[in-house]
Amino acid sequence: MKMTGRRFWSNFDVDAFKTEIRSQPSVASPVPPRAHYKSDAAVKTAASAPNEKPMSPPSLLAASLLLFLAILVPSSGAGASSDGNSPTGMSRFREAPQFYNSPSCPPPLPAGPGAICSPNALVHVAMTLDVAYLRGSVAAVLSVLQHTACPQSVFFHFVATSAGGAGLDATISGAFPSLAFQIHSFDAEEPRVAALISTSIRAALDRPLNYARSYLSRLLPKCVRRVVYLDSDLVLVDDVMDLASTPIPDGVALAAPEYCNANFTSYFTPAFWTNPALSVAFEGRRACYFNTGVMVMELGRWRDGGYTEQIEEWMELQKRMRIYELGSLPPFLLVFAGRIAAVEHRWNQHGLGGDNYRGLCRDLHPGPVSLLHWSGKGKPWVRLDAGRPCPLDALWAPYDLLLRNPIAIDES
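Following this line, the structure appears as structure tokens:
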């Protein structure tokens, strides 16, 4: 299956999409997940028909919804083989289509870790691999490859622990045989991080791997100067190279979308704000909230600034007195809020997972969309499997490579 990297949904009209998605009838007959991808013949046919009008973004989104609504409700009698899990509990995934570089791209990177310092690696992407979120991570990787012009020039850095599940390397290689990637062990950092973590409002936020983004400057080799960090509960619908090329001024180590209309004071406790020795940390800064699930990081500047150590200092203080409630985000805000380069909001349509308590359905924010982010308690794969999806979960479903009923597929 040959596909070149390209964009499908960039900058679509949100209001038009909302109107169309609400007007669609329900679908009764199941459609195999592979229907989302074009075959070689379909790709060639499309290439030979330059005058054919492409599907408009809202129509494409609605079509994707129609294709996947039928597979949202799993069989009630599904066992281990039908839910995509191996006997060891590791999810199994279908092999993704192969995506090829456009003619203007550099030579492809070889599969595996060998090209980690290659100048042909146009973009470095960092993510964590956690068994609980592995399905989301695989979907995110597929979305990156599908929507970039140079999919064979993207190098992936995965951070994982040995306790997180054996066979992660084989799992990623099986889903993406041509992927250039390295799995970086978090084992050396995990005990220290675990000792620094304070209980937050949601148990999922207290996993040591949730703090791995603070340690990328230690985990990745120094030849990697700039990296795009991505959470596991998102999909890109635009070219990651555009995000990676975000202008970052000299002396600035981090870029992310800022949200200055958010209630910044709510991210810290009254004990923090009423203590002048603590609240002075934001003095002279235009401190705004930013979501740490999508960041562009200058690792050399990060090392020079000692930012990992600064984050750890705030975590140590949190162990002594409660100054925040929300996991790994507040230490980032304490160190970086008001000191980052701004990224367009289209690169993080966050909050699609609802709040951290109930995870209720959310709508899209107004404006263009380049990245959809299910931050919050509700994750699309959980809601889809439970048969209680939110409307926007249909936008994640086309990237789900979970192998359902693998025995039947292997024998066909």
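Count along the sequence shown starting at 1, add 16, and that's the number in our numbering.
Note that the Cβ used here is the ideal one computed from N, Cα and C, for glycine as well.
1) So Ala-186 and Tyr-415 are in contact, right, with Cβ under 8 Å, and what is the actual spacing, rounded?
2) Give me the residue from His-173, Val-351 and Ser-118 with the minimum Cα distance to Ala-297.
3) Give the straight-line distance between the Cα atoms of Cys-276 and Val-139, rounded to the nearest whole angstrom.
4) Are Phe-284 and Tyr-340 closer than 8 Å when you measure CB to CB?
5) So, using beta-carbon positions, are Ser-248 and Tyr-149 closer together than 8 Å?
6) Just to confirm the assignment, what range does the alpha helix (DSSP H) spanning Ile-327 have?
7) Can you list, in chain order, the residues of its chain whose CB lies under 7 Å from that of Gly-367, leaving out five sequence neighbours each side?
8) Please name the residue in Pro-122, Thr-308 and Gly-354 whose C-alpha comes closest to that of Gly-300.
9) Spell out a yes or no on whether the segment 198-218 and the segment 279-294 are touching, meaning 3 or more CB-CB pairs, one atom from each, closer than 8 Å.
10) Tell me where the beta strand (DSSP E) around Glu-314 begins and ends.
11) Quick check on Ile-199: does DSSP put it in helix, strand or coil?
12) Between which two residues does the beta strand (DSSP E) carrying Leu-252 extend?
13) Might you give, ordered along the chain, the residues of its own chain that have their beta carbon closer than 6 Å to the beta carbon of Pro-396, omitting 5 neighbours on each side?
14) Evaluate Cys-239 with the Cβ neighbour count: other Cβ atoms within 10 Å of its Cβ, from every protein chain shown; 16 or more gives buried, anything less gives exposed.
15) For Ser-64, count neighbouring Cβ atoms within 10 angstroms of its own Cβ and tell me buried if that reaches 16, exposed if not.
16) Measure from the alpha carbon of Ile-188 to the alpha carbon of each residue in Val-310, Pro-119 and Val-147, then state which is nearest.
17) Hey, out of Pro-384, Ala-272, Pro-193 and His-381, whose CA is closest to Leu-161's CA?
18) How many angstroms separate the CA atom of Tyr-227 from the CA atom of Gly-343?
19) Which value, in whole angstroms, describes the spacing of the CA atoms of Tyr-158 and Ser-295?
20) With DSSP collapsed to three states, give me the class of Tyr-373.
21) Return helix, strand or coil for His-163, following the three-state DSSP convention.
22) Mapping the DSSP letters down to three states, classify Val-141 as helix, strand or coil.
23) May I ask you to list the residues that DSSP assigns as paired with Tyr-245?
24) For Ser-107, does the count of other Cβ atoms within 10 angstroms reach 16, so buried, or fall short, so exposed?
25) Compute the beta-carbon to beta-carbon distance between Glu-328 and Leu-212, rounded to the nearest angstrom, for a pair I have assumed lies under 8 Å.
26) At which residues does the beta strand (DSSP E) containing Val-385 begin and terminate?
27) Assuming Ala-112 and Leu-417 make a contact with CB atoms under 8 Å, what is their CB distance in whole Å?
28) Relative to the C-alpha of Cys-304, which residue among Gln-334, Ala-204 and Leu-349 is closest?
29) Taking DSSP's pairing of strands, which residues face Val-170 in a bridge?
30) Under the three-state reduction of DSSP, which class applies to Phe-115: helix, strand or coil?
31) Name the two residues that bound the continuous alpha helix (DSSP H) containing Ala-210.
32) Tell me the DSSP secondary structure of Arg-152 in three-state form.
33) If you run the structure through DSSP and keep just helix, strand and coil, what is Leu-411?
34) Under 8 Å between the Cβ atoms of Phe-172 and Leu-145?
35) For Val-209, tell me which candidate among Arg-242, Ala-402, Ser-153 and Glu-332 has the shortest Cα-Cα distance.
36) Quick one, which of Ala-278, Asp-255 and Ala-358 has its alpha-carbon nearest Leu-387's?
By the coordinates alone:
1) Not really, about 21 Å apart at Cβ, beyond 8 Å.
2) Of the candidates His-173, Val-351 and Ser-118, the residue whose Cα lies closest to the Cα of Ala-297 is Val-351.
3) 29 Å
4) Cβ distance < 8 Å, so Phe-284 and Tyr-340 count as in contact.
5) yes
6) 323-336
7) Arg-378, Ser-391 and Gly-392
8) Gly-354
9) no
10) Element bounds for Glu-314: 310-314.
11) In this structure, Ile-199 counts as strand in the three-state DSSP scheme.
12) It spans 250-252 - the beta strand (DSSP E) in which Leu-252 sits, taken as one unbroken run.
13) Within the same chain, Pro-396 has close Cβ partners Trp-390, Asp-409 and Trp-412.
14) Cys-239 comes out exposed.
15) Note that Ser-64 has pLDDT 32, beneath the 50 cutoff, so the model's placement of it is unreliable and no number is given.
16) Among Val-310, Pro-119 and Val-147, the Cα nearest to that of Ile-188 belongs to Val-147.
17) Pro-193
18) A direct Cα-Cα distance of roughly 9 Å separates Tyr-227 from Gly-343.
19) According to the sequence provided, residue 158 is Leu. The question's Tyr does not apply to it. Between Leu-158 and Ser-295, the C-alpha separation is close to 42 Å.
20) coil
21) In this structure, His-163 counts as helix in the three-state DSSP scheme.
22) strand
23) In the DSSP assignment, Tyr-245 is bridged to Ala-142 and Met-311.
24) When all chains shown are included, Ser-107 counts as buried.
25) 6 Å
26) Unbroken run through Val-385: none, as it is neither H nor E.
27) With a Cβ gap of about 6 Å, Ala-112 and Leu-417 count as contacting.
28) Taking the Cα of Cys-304 as reference, the smallest distance to any Cα among Gln-334, Ala-204 and Leu-349 is reached at Leu-349.
29) Val-139
30) strand
31) Annotation: the continuous alpha helix (DSSP H) that includes Ala-210 extends over 206-212.
32) Before going further, note that residue 152 is Gly rather than Arg in the sequence given. If DSSP states are grouped into helix, strand and coil, Gly-152 belongs with the helices.
33) Here Leu-411 sits in helix by DSSP.
34) no
35) Glu-332
36) Asp-255
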